[in-house]
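Residue numbers (the working numbering): 27 to 423.
All C-beta atoms in this analysis are idealised placements derived from N, C-alpha and C, irrespective of residue type, glycine included.
Remarks on the structure that follows.
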């Protein structure tokens, strides 16, 4: 079996190369910048007031000679002991040294005075303090969230270069799966893995094709795989092991796929499979086979599928990053596989969410993080610090 790190490294080495496209900046929310973004303008473009008050020249008292509003600057220059009324974000007039905030000003007609003259530069946002034309404002591989979107627009970009979103096919298989959760026989279970995986991928903005559920039959699997011809990435759930009714590996082989690796030393999720399949255009599909147990499928999707799709979309950092939190209960020693315990962080400590069985959905649904227990770790006691992967934003800030 491969270690988690080896398996992730080998998977990410297979990332499909996506072309670059230009999108309007607002439409690029959630995508990744394909190349460094350089400011096309300076922000702020002039010295601005950081407060409402009076832009002053000299030590005062000051004669009020006009007003500077955001979007309507004062025309002319201040002389010694003159001032203008100024609003937050408005241009500082030529000759102005600082801003006297309105709370500290005494007003008598056009005569403005203060107990203390503000120091030079006080309450002033100098030209270019945020960024200047030619500065690198966003690095390639940065995800465009609300803050990055605002920065791209403010730096003069109505469009940005991003990697095209990959097409991802999600296929779940198993004779026991019922497509209708309402009409589910006693010998069946509602098919949920495909919907779960697709919902985990959806926030990344990739194009998702749902296929299945598909019965454990080579003919049915062959037909289903045919529907995934256009996919850059195929994610299967179930049937990837080597039992009598686990036929996905054989179906993939018949389809022309070659196994890259199988089995990873993690719990849950050991029977993870990765394969590739060449296409007529010279590219290769990447195939990720996840286990059928729903918790195993969730954990391996989190650890492998999400990083794979992020990397395909140009993310500079695609793997989830752990944080340290305080353990709220004792934990037993760990065997030969790294464990990912479904857990709840209550704001102070982290506790297991409930049953750690790989089919237990109640615990999974209540979890907001995964406690990471490295292989061979000794027993841990309440109060110790442990590594935790957050389930918000897929573990990427």
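- Excluding residues up to 5 positions away in sequence, 202 lie with their Cβ nearer than 6 Å to the Cβ of residue 215 in the same chain.
- Less than 8 Å divides the Cβ of residue 324 from the Cβ of residue 390.
- Proximity to residue 112 across 97, 93, 104, 105 peaks at 93, based on C-alpha coordinates.
- Closest in alpha carbon position to residue 306, among 258, 29, 109, 341, is 258.
- Judged by DSSP in its simplified three-state form, residue 108 adopts strand.
- In the three-state scheme derived from DSSP, where H, G and I count as helix and E and B as strand, residue 91 is classed as strand.
- Residue 121 has its alpha-carbon roughly 13 Å from the corresponding atom of residue 85.
- Under the rule that a run must span 4 or more residues, the alpha helix (DSSP H) segments found entirely inside the segment 324-372 read 332-338.
- Fully enclosed alpha helix (DSSP H) runs of no fewer than 4 residues occupy 219-227 of the segment 212-237, in order along the chain.
- Residue 298 sits in coil when the DSSP states are folded into three classes, being neither helix nor strand.
- In this structure, the straight-line span from the alpha carbon of residue 71 to that of residue 132 is close to 31 Å.
- About 5 Å separates the CB atoms of residue 73 and residue 153; that is less than 8 Å, so the two are in contact.
- Within the same chain, 123, 124 come within 6 Å of residue 146 by CB-CB distance, once the 5 residues on both sides are set aside.
- Under the three-state reduction of DSSP, residue 160 is assigned to coil, being neither helix nor strand.
- CA-CA distance, residue 308 to residue 47, rounds to 20 Å.
- With the rule of 3 Cβ pairs closer than 8 Å, the segment 275-287 does not count as touching the segment 348-362.
- Taken through DSSP and simplified to helix, strand or coil, residue 49 comes out as strand.
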